[in-house]
Every structure is written in C-alpha cells, then in structure tokens.
Amino acid sequence: MSAVAGLAVLLLAMGMALRPVLISDEPTRQPVLNATEIGFVQDMVTHHSQALMLVQRLDPGVEPSVATLAGQIADTQRTELGMLLGWLRLAGAPVTAPHPMAWMHQSGTHPHRAAAASPDSAMPGMATTAELDQLAAARGPQAEVLFLRLMQRHHYGGIEMAAAADALLTGGEVERTARGMLTEQGREAGLLDLLLARRSG
199 MSAVAGLAVL
209 LLAMGMALRP
219 VLISDEPTRQ
229 PVLNATEIGF
239 VQDMVTHHSQ
249 ALMLVQRLDP
259 GVEPSVATLA
269 GQIADTQRTE
279 LGMLLGWLRL
289 AGAPVTAPHP
299 MAWMHQSGTH
309 PHRAAAASPD
319 SAMPGMATTA
329 ELDQLAAARG
339 PQAEVLFLRL
349 MQRHHYGGIE
359 MAAAADALLT
369 GGEVERTARG
379 MLTEQGREAG
389 LLDLLLARRS
399 G
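In case it helps, our numbering puts the sequence shown at residues 199 to 399.
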C-alpha cells in the first residue's frame, strides 16, 4: 500500500514539474490582424460604402457607357466590402474606427496629396453630404459629369489609402489586397478620366 502511495506522489510531482514545460510548448495565438491592418480595413469599409452610395444616387437614365462603368465599380466594391467585413469579424474589431485615418497619420503619411476631400473629412476622396444630394438630384449629362468627377476623386483617394497601407505593411493578405486595389482602382480611374475627357472636349 505504501508503494502505491509512493508511486502516486511521484507521478504527482512529475506532473507538477512538467506542467510549465507543457504550457510553454503551447503555440502563442497570433492576432488575426494587427493595428495598422485593422485601421486600414475599417477605413476602407467606410470608403467602399460611399462608392456604393455614389452609384445608388446616379440617374439610371445616364448614357450606357457611364451606367456600365458604374455597375462594374459597384460589383467590385461590393465584393471587396464583404471580404473586409469578414476580416473585421474574425478579428473581433468594430466596423467603424474610433479615430478614422489614425493608422495613416501615425505613419507619417499625410493624406490628401493625391486626392482632394471634403473639408470636414479626414479621409481622402470622400464626397460631402451636399455633393451626394446634388448627385441624387442631377439628371442626364449633368448627372454623368458630376458622378464621374466624384467617383474619380473617390478612386484617387482610395488609391492613396491603399498605397499607404502597402508601404506600411510587410506581407499578409491585407497588403496583397491593398496592392490589388491599387491595380483595379487605377484601371477604373483611367476609364473615369477618359469618359470625363470626352465630355469636357
């Protein structure tokens, strides 16, 4: 009986000795997104949401070339928006940043170099409430020109944000997505420029 009791004490002592080793061998869980990634994704959710708003406010009777491009932009932004929201959910982060664009300001990158924004917005390329209302009321050629100008500014703002994220991040899916946005929105911005040039000419 004493031998059994001694064995039990020995096993207990061994278990206590091994416990720190076993705990230390457990892999440390890495965060899904770091602070810069979360800030960029949150702000890009806001940015993409306004792009969809611009499309929704466009007169459905505009020229087919403008309507087609608007539809393509909406499809792209909607798909990316779903992905961005999924990342935030996985990270347990709120959809809206408490301090928009803080990740970009803290990096030493100053927004609004490439794209103008409304005076009351810290986010490059965003339209004001008055501009959104003006677009909703516009019809025909006036609606086309206003939409193209607002979306052009919006895209250059998104390009600026994506370029800043690409410069700050060092790999990972968010950086790859930011680079993809640079390519896609750069292509769409070129089409917007072309359609605007035709109307101004």
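For glycine and all other residues, C-beta sits at the position ideal for the given N, C-alpha and C.
C-beta contact flag for residue i and residue j at 8 Å
| i | j | result |
| --- | --- | --- |
| residue 355 | residue 379 | no |
| residue 264 | residue 346 | yes |
| residue 257 | residue 336 | yes |
| residue 261 | residue 342 | yes |
| residue 376 | residue 353 | no |
Whole-angstrom distance between residue j and residue i, CA atom to CA atom
| i | j | result |
| --- | --- | --- |
| residue 390 | residue 267 | 8 Å |
| residue 282 | residue 255 | 23 Å |
| residue 332 | residue 394 | 18 Å |
| residue 320 | residue 299 | 7 Å |
| residue 339 | residue 228 | 52 Å |
| residue 297 | residue 233 | 12 Å |
| residue 294 | residue 248 | 13 Å |
| residue 383 | residue 251 | 17 Å |
| residue 370 | residue 329 | 36 Å |
| residue 381 | residue 326 | 26 Å |
| residue 368 | residue 392 | 34 Å |
Assumed close pair residue i, residue j - CB separation to whole angstroms, cut-off 8 Å
| i | j | result |
| --- | --- | --- |
| residue 246 | residue 279 | 5 Å |
| residue 239 | residue 372 | 7 Å |
Residue i beta carbon near the ligand FMN (any heavy atom closer than 7 Å)
| i | result |
| --- | --- |
| residue 278 | Annotation note on the ligand FMN: not contained in the displayed structure, which lists no ligands. |
Open item on the list: So within the segment 344 to 388, which uninterrupted alpha helix (DSSP H) runs reach at least 4 residues, ignoring any that extend past its ends?
Closed with: Counting whole runs of 4 or more residues, the segment 344 to 388 contains no alpha helix (DSSP H) stretch at all.
Task: Completely contained alpha helix (DSSP H) runs for the segment 242 to 291, where each covers 4 or more residues - done: 262 to 289
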